[in-house]
Amino acid sequence: MNIRRSVAFLFVAVAIVAAAGCTASAATPVKTSAVTLPRSYRFAPVSIEVPAGTTVTWTNADNFTHSVALTGTSDVHVMKPGETASIAFDQPGTYAYICTFHTQNMKGTVTVVP
Ligand SMILES: [Cu+2]
């Protein structure tokens with residue numbers, strides 16, 4: 010009985026998380042190669058789309074030091090206030106990235122199309 014109830018609860022919890030994830034990823038990426046870091050602790054736009062071969066530039070317009078690091082890589086681009094960072098995207102795909110200093114609230118996505 011208890012196990013069955015736990016499984017049912019887990020199923021509901023997973024469904025809620027999946028639905029929330031769906032809503033977040035449903036946001037249409039903005040077609041731009043420029044991402045700004047306005048005050049405070051965020052990427053704008055959060056989700057962008059570029060053609061393969063594009064160099065994306067992040068500009069730190071916040072008062073704090075941030076970074077851009079593609080998920081699954083150890084390459085961290087640190088930006089002090091006023092500094093920029095650029096990454097070239099040659100291969101189509103979806104690239105998630107984070108600020109390594111503020112991993113909880115600073116996440117973004119670059120979608121590279123052929
Ligand atoms: Cu940050």
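For the sequence shown, position 3 matches number 12 in the working numbering, and the numbering has no gaps at all. Backbone N, C-alpha and C fix where the C-beta goes; we use that ideal spot for every residue, glycine too. Model, not experiment: these values are computed from the prediction.
Original post:
Of the choices Asp84, Gln100, Tyr106, whose alpha-carbon is the least far from that of Ala53?
Top reply: Tyr106
Subject >> Neighbour-count burial assignment, Asn69, 16 or more Cβ in a 10 Å radius >> reply: buried
Original post:
With a Cβ-Cβ cutoff of 7 angstroms, do Ser83 and Val59 count as a contact?
Top reply: No. Outside cutoff.
Subject >> For Gly30, the three-state DSSP class (helix, strand or coil) >> reply: At Gly30, the pLDDT of 46 sits below 50, so the modelled position is not reliable; the number obtained from the coordinates is stated separately. It is helical.
Subject >> Coil, strand or helix - Val55 by DSSP >> reply: coil
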